[in-house]
DNA sequence: ACAAGGAGTTACAAAAAGGTGACTGCCGAC
DNA sequence: GTCGGCAGTCACCTTTTTGTAACTCCTTGT
């Protein structure tokens, strides 16, 4: 990835690769108003499978955009996902992307 | 697409769908400094096939981000691709995406 | 011991995206 | 009329991404 010369010509592609995926932007959208655990995300995203959600959360974690912490509640384990400080830097970008997307939708 | 309720929750996804594709951002990058014809784009993007380039140019045209016009030069037909006025509105978004991508790359 | 709730994982299947090589259509020069 | 340069298209195949269903692990309460 870093060794790919074609990538150099287009830094935007690096950003896109980090946030594209059928559910990633939606997850990132949901996490704006605070941490959510796996089951909440799953319930909020009708149609997502545990497998794919887990994969995409893993990729967002690998990119350090989100982080997770475990929490015991009532003897049951919850894994909470939230933006990392680094990941929060992505929010303005997502906002601008969203603004353009919305305008594009009803053009 | 417009009828998909899940889309509503995440306008950023609409934008991403419009610009994601292995070559779209790179094409958009090249078109910043003026129109280019098919063969030029192809030569500037080592590894792209005529089929896929043609497909992606078609999608960018369908989204009205770029436009094309034909031109005769030396008895040979060239098809020039360039940003549309509407598409130029995407440039600041790509810039911000690129800035984040670059920072992300060497984090 | 076992049930219940949460968080995944695994093997497999389907769908979408991208790639290949050969082919077509157009136009003007020879 | 045939050749060369440009802009694609077509049928087919490979790779990547997403989806499905069944299953595991962990912890506390009964």
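Residue numbers (the working numbering), protein chains in the order written: chain A, 1 to 107; chain B, 1001 to 1107.
Beta carbons are placed, not taken as given, at the ideal position from N, Cα and C, and that holds for glycine.
N-terminal and C-terminal residue of the alpha helix (DSSP H) that residue i is part of
i, result
"residue 1018/B", "1011-1019"
"residue 66/A", "Here residue 66/A belongs to no alpha helix (DSSP H); instead the beta strand (DSSP E) covers 66-73."
"residue 30/A", "24-30"
"residue 1049/B", "Here residue 1049/B belongs to no alpha helix (DSSP H), and DSSP marks it neither H nor E."
"residue 1035/B", "Note, residue 1035/B: premise wrong, no alpha helix (DSSP H); not H, not E."
"residue 1101/B", "1091-1105"
CB contact check: residue i to chain B, cutoff 7 Å
i, result
"residue 91/A", "no"
"residue 84/A", "no"
"residue 20/A", "yes"
"residue 31/A", "no"
"residue 104/A", "yes"
"residue 97/A", "yes"
"residue 94/A", "yes"
"residue 69/A", "no"
"residue 42/A", "no"
Nearest residue (CA-CA) to residue i, options the options
i, options, result
"residue 1064/B", "1013/B, 1010/B, 1011/B, 1019/B", "1019/B"
"residue 1044/B", "1059/B, 1028/B, 1055/B", "1028/B"
"residue 81/A", "21/A, 49/A, 71/A", "71/A"
"residue 84/A", "77/A, 74/A, 105/A, 62/A", "62/A"
"residue 1030/B", "10/A, 14/A, 87/A", "10/A"
"residue 66/A", "106/A, 22/A, 32/A", "32/A"
"residue 1052/B", "1073/B, 1021/B, 1037/B", "1021/B"
Continuous beta strand (DSSP E) stretch holding residue i: start and end
i, result
"residue 1082/B", "1076-1083"
Through-space distance from residue j to residue i, alpha-carbon basis
i, j, result
"residue 1035/B", "residue 1068/B", "9 Å"
"residue 24/A", "residue 57/A", "8 Å"
"residue 1102/B", "residue 91/A", "16 Å"
"residue 41/A", "residue 93/A", "22 Å"
"residue 3/A", "residue 1060/B", "Caution applies to residue 3/A, whose pLDDT of 42 falls short of 50 and renders its modelled position unreliable; the model cannot decide the point."
"residue 78/A", "residue 39/A", "8 Å"
"residue 104/A", "residue 75/A", "47 Å"
"residue 1096/B", "residue 1054/B", "27 Å"
"residue 87/A", "residue 1087/B", "28 Å"
"residue 1014/B", "residue 1073/B", "38 Å"
"residue 106/A", "residue 1100/B", "27 Å"
"residue 1089/B", "residue 50/A", "37 Å"
"residue 37/A", "residue 1037/B", "49 Å"
Cutoff 7 Å: residue i Cβ touching any chain A Cβ
i, result
"residue 1039/B", "no"
"residue 1100/B", "yes"
"residue 1013/B", "yes"
"residue 1066/B", "no"
"residue 1088/B", "no"
"residue 1073/B", "no"
Cβ neighbour criterion (16 or more within 10 Å) applied to residue i
i, result
"residue 26/A", "buried"
"residue 16/A", "buried"
"residue 12/A", "buried"
"residue 98/A", "buried"
"residue 47/A", "exposed"
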